[in-house]
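Chemist: The structure is given below, and queries will be raised subsequently.
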Amino acid sequence: MAKTVIQVKKNPNENNSSILRRFSRKIQESGIIRKVKGSRYNVRKESKLKVKKSALKRMARRKEIEKLKKLGKMATK
1 MAKTVIQVKK
11 NPNENNSSIL
21 RRFSRKIQES
31 GIIRKVKGSR
41 YNVRKESKLK
51 VKKSALKRMA
61 RRKEIEKLKK
71 LGKMATK
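Note that the UniProt record's numbering has the sequence shown beginning at 1, numbered continuously upward.
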C-alpha cells in the first residue's frame with residue numbers, strides 16, 4: 001500500500017481543537033481509514049503444498065471410513 005502524507009499547518013489565531021478537526025476531516029476525505037479497515041481481515045491464499053496435503057488427508061480419511069463401513073464397524077447414514 002502506498003504511503004499517503006497528510007499535513008495540516010497551524011494558521012495564526014487558530015486553536016488546537018480546530019487544527020485537530022481539520023486534520024480529521026482531511027483524513028476522512030482521503031479514504032485512508034476505509035482502505036485500512038477493508039484490508040484488515042485480508043486472508044492470504046494457502047500454499048499449493050498445504051492444499052495438496054489437506055486433500056490427501058481428506059482422501060485417506062474417506063478411504064478409511066469406507067473401509068470401516070464395509071466391515072460393519074461404522075454405521076451408515
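No residue lacks a Cβ here, since even glycine has one placed at the ideal position from N, Cα and C. No experiment lies behind these values; they were computed from the predicted model shown.
1) Can you tell me the Cβ-Cβ gap for LYS26 and VAL8, rounded? I've got them flagged as a contact below 8 Å.
2) Hey, ILE6 and SER39: beta-carbon distance below 9 Å or not?
3) Give the straight-line distance between the Cα atoms of ASN42 and ASN11, rounded to the nearest whole angstrom.
4) Is DSSP giving LYS10 helix, strand or coil here?
5) Might you give, ordered along the chain, the residues of its own chain that have their beta carbon closer than 7 Å to the beta carbon of LYS3, omitting 5 neighbours on each side?
Modeler: On the basis of the supplied data:
1) The distance from the Cβ of LYS26 to that of VAL8 is about 6 Å, consistent with a contact at the 8 Å cut-off.
2) no
3) 40 Å
4) coil
5) none
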